[in-house]
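Asks: Here you go, one structure.
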Amino acid sequence: MPEAFVVADNGLPGALASGSTLKVTPTGNAYAELRQDRYLSAAYREAMSSRGRAVAFNEEPVASTDMGNVSQLVPSIHPLLGYDVHGAAHHTAEFAAHGSSASADRAVLDGAFGLALAACAAATDPRQRGRLLR
737 MPEAFVVADN
747 GLPGALASGS
757 TLKVTPTGNA
767 YAELRQDRYL
777 SAAYREAMSS
787 RGRAVAFNEE
797 PVASTDMGNV
807 SQLVPSIHPL
817 LGYDVHGAAH
827 HTAEFAAHGS
837 SASADRAVLD
847 GAFGLALAAC
857 AAATDPRQRG
867 RLLR
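In this text, residue positions in the sequence shown follow this note's numbering: the first is 737, and each later residue adds one.
Structure, rendered in C-alpha coordinates:
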(Lines of atoms letter the chains of each structure in order from A and count residues from 1; the text may use other names and numbers.)
(Lines give C-alpha, C1' and ligand atoms only; values in the text may rest on other atoms or scores of the structure.)
Protein backbone atom coordinates (compact mmCIF):
# COMPACT_ATOMS: atom_id res chain seq x y z
CA MET A 1 0.00 0.00 0.00
CA PRO A 2 1.49 3.38 -0.94
CA GLU A 3 2.71 5.46 2.00
CA ALA A 4 0.22 8.25 1.26
CA PHE A 5 -2.70 5.85 1.77
CA VAL A 6 -1.27 4.60 5.08
CA VAL A 7 -0.90 8.18 6.30
CA ALA A 8 -4.41 9.06 5.15
CA ASP A 9 -5.94 5.92 6.68
CA ASN A 10 -4.27 6.63 10.01
CA GLY A 11 -4.59 10.40 10.03
CA LEU A 12 -8.05 11.02 8.62
CA PRO A 13 -10.06 9.80 11.64
CA GLY A 14 -8.12 12.13 13.93
CA ALA A 15 -8.58 15.05 11.57
CA LEU A 16 -12.32 14.42 11.30
CA ALA A 17 -12.73 14.00 15.07
CA SER A 18 -10.99 17.32 15.72
CA GLY A 19 -12.84 19.19 13.01
CA SER A 20 -9.64 19.56 10.98
CA THR A 21 -8.75 18.58 7.48
CA LEU A 22 -5.96 16.37 6.22
CA LYS A 23 -4.03 16.98 3.04
CA VAL A 24 -1.56 14.30 1.92
CA THR A 25 0.81 15.20 -0.88
CA PRO A 26 2.82 12.23 -2.13
CA THR A 27 6.30 13.12 -3.35
CA GLY A 28 8.56 11.05 -5.54
CA ASN A 29 8.90 7.30 -5.45
CA ALA A 30 7.51 5.59 -2.36
CA TYR A 31 10.47 3.16 -2.45
CA ALA A 32 13.81 4.22 -1.01
CA GLU A 33 17.12 3.17 -2.57
CA LEU A 34 18.17 -0.33 -1.60
CA ARG A 35 21.35 -0.45 0.51
CA GLN A 36 23.04 -3.86 0.48
CA ASP A 37 25.20 -4.60 3.53
CA ARG A 38 28.74 -5.56 2.44
CA TYR A 39 29.39 -8.05 5.26
CA LEU A 40 26.06 -9.84 4.91
CA SER A 41 26.46 -9.91 1.13
CA ALA A 42 29.95 -11.46 1.40
CA ALA A 43 28.74 -14.05 3.93
CA TYR A 44 25.79 -14.92 1.66
CA ARG A 45 28.08 -15.18 -1.37
CA GLU A 46 30.41 -17.55 0.53
CA ALA A 47 27.52 -19.74 1.66
CA MET A 48 26.06 -19.90 -1.82
CA SER A 49 29.39 -20.85 -3.36
CA SER A 50 29.36 -23.93 -1.12
CA ARG A 51 26.06 -24.84 -2.82
CA GLY A 52 27.61 -24.44 -6.27
CA ARG A 53 26.04 -21.07 -6.98
CA ALA A 54 28.00 -18.04 -8.11
CA VAL A 55 26.80 -14.78 -6.57
CA ALA A 56 27.79 -11.36 -7.85
CA PHE A 57 27.50 -8.49 -5.40
CA ASN A 58 26.29 -5.27 -6.95
CA GLU A 59 25.90 -2.12 -4.89
CA GLU A 60 23.84 -0.49 -7.62
CA PRO A 61 20.06 -0.87 -7.29
CA VAL A 62 18.71 -3.39 -9.80
CA ALA A 63 14.98 -2.98 -9.14
CA SER A 64 12.47 -1.00 -7.11
CA THR A 65 11.32 -2.66 -3.92
CA ASP A 66 9.92 -1.76 -0.53
CA MET A 67 12.96 -3.61 0.85
CA GLY A 68 14.82 -0.40 0.06
CA ASN A 69 12.85 1.32 2.81
CA VAL A 70 13.82 -1.41 5.29
CA SER A 71 17.47 -1.26 4.23
CA GLN A 72 17.62 2.42 5.17
CA LEU A 73 16.97 1.42 8.80
CA VAL A 74 18.68 -1.95 9.29
CA PRO A 75 21.59 -3.69 7.54
CA SER A 76 20.03 -5.77 4.78
CA ILE A 77 20.60 -7.86 1.69
CA HIS A 78 18.18 -8.56 -1.11
CA PRO A 79 19.77 -11.33 -3.15
CA LEU A 80 18.34 -12.41 -6.46
CA LEU A 81 18.25 -16.13 -7.09
CA GLY A 82 17.29 -17.76 -10.34
CA TYR A 83 15.95 -21.07 -11.51
CA ASP A 84 15.24 -22.54 -14.92
CA VAL A 85 12.12 -21.02 -16.47
CA HIS A 86 12.92 -22.17 -20.02
CA GLY A 87 12.93 -18.61 -21.34
CA ALA A 88 9.55 -17.57 -19.92
CA ALA A 89 9.10 -13.85 -19.28
CA HIS A 90 8.69 -12.71 -15.67
CA HIS A 91 5.18 -12.20 -14.29
CA THR A 92 3.50 -14.50 -16.82
CA ALA A 93 1.52 -17.70 -16.38
CA GLU A 94 4.30 -19.62 -18.19
CA PHE A 95 6.86 -18.25 -15.72
CA ALA A 96 4.63 -19.14 -12.75
CA ALA A 97 4.21 -22.70 -14.03
CA HIS A 98 7.95 -23.28 -13.51
CA GLY A 99 7.64 -22.22 -9.86
CA SER A 100 6.84 -25.78 -8.78
CA SER A 101 9.74 -27.39 -10.65
CA ALA A 102 12.72 -29.19 -9.13
CA SER A 103 14.88 -26.25 -10.21
CA ALA A 104 12.64 -23.83 -8.29
CA ASP A 105 12.64 -26.09 -5.22
CA ARG A 106 16.45 -26.15 -5.27
CA ALA A 107 16.54 -22.35 -5.56
CA VAL A 108 14.31 -22.00 -2.48
CA LEU A 109 16.46 -24.40 -0.46
CA ASP A 110 19.71 -22.81 -1.63
CA GLY A 111 18.42 -19.31 -0.83
CA ALA A 112 17.26 -20.34 2.64
CA PHE A 113 20.64 -21.98 3.25
CA GLY A 114 22.51 -18.86 2.11
CA LEU A 115 20.45 -16.49 4.25
CA ALA A 116 20.72 -18.75 7.30
CA LEU A 117 24.50 -19.05 7.00
CA ALA A 118 24.88 -15.31 6.46
CA ALA A 119 22.89 -14.71 9.67
CA CYS A 120 24.98 -17.31 11.54
CA ALA A 121 28.22 -15.72 10.32
CA ALA A 122 27.11 -12.31 11.57
CA ALA A 123 25.81 -13.69 14.88
CA THR A 124 29.07 -15.49 15.66
CA ASP A 125 31.37 -12.61 14.73
CA PRO A 126 31.53 -10.31 17.79
CA ARG A 127 32.23 -7.16 15.75
CA GLN A 128 29.44 -7.80 13.26
CA ARG A 129 27.02 -8.91 15.94
CA GLY A 130 27.61 -5.67 17.83
CA ARG A 131 27.20 -3.59 14.67
CA LEU A 132 23.97 -5.32 13.74
CA LEU A 133 22.46 -5.10 17.22
CA ARG A 134 22.99 -1.35 17.54
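Each residue gets a CB set at the ideal place from its N, CA and C atoms; glycine is no exception. Source: prediction; values computed, not measured.
Which of the three DSSP states is assigned to VAL806 in this structure?
Replies: Residue state, collapsed to three classes: helix.
Asks: Exposed or buried, which one is ALA833 when buried takes at least 16 other CB atoms within 10 Å?
Replies: Classification of ALA833: exposed, given that the 10 Å Cβ count is below 16.
Asks: Taking PRO846 as the reference, give the member of LEU748, SER786 and ALA751 with the closest Cα.
Replies: Note that residue 846 corresponds to Asp in the displayed sequence, not to Pro. The shortest C-alpha separation from ASP846 is found at SER786.
Asks: Express the C-alpha separation of LEU776 and PRO749 in angstroms, rounding to a whole number.
Replies: Distance between the alpha carbons of PRO749 and LEU776 is about 42 Å.
Asks: DSSP three-state call for GLU830: helix, strand or coil?
Replies: Of the three classes helix, strand and coil, the one that applies to GLU830 here is helix, per DSSP.
Asks: Grab me the residues of ALA740's own chain with a C-beta within less than 6 Å of its C-beta, minus the 5 sequence neighbours each way, in chain order.
Replies: Low per-residue confidence applies at ALA740: pLDDT is 47, beneath 50, and the placement is therefore not dependable, though the value from the model is reported in the following sentence. Here the set comprises VAL760 and PRO762.
Asks: How long is the line joining the alpha carbons of HIS826 and ALA753, rounded to whole angstroms?
Replies: Each residue's alpha carbon lies about 46 Å from the other.
Asks: Taking 7 Å as the threshold (C-beta atoms), are SER837 and ASP773 in contact?
Replies: No; because the gap between Cβ atoms is not below 7 Å, this pair is not in contact.
Asks: Is the beta carbon of THR757 closer than 7 Å to that of ALA751?
Replies: Cβ distance < 7 Å, so ALA751 and THR757 count as in contact.
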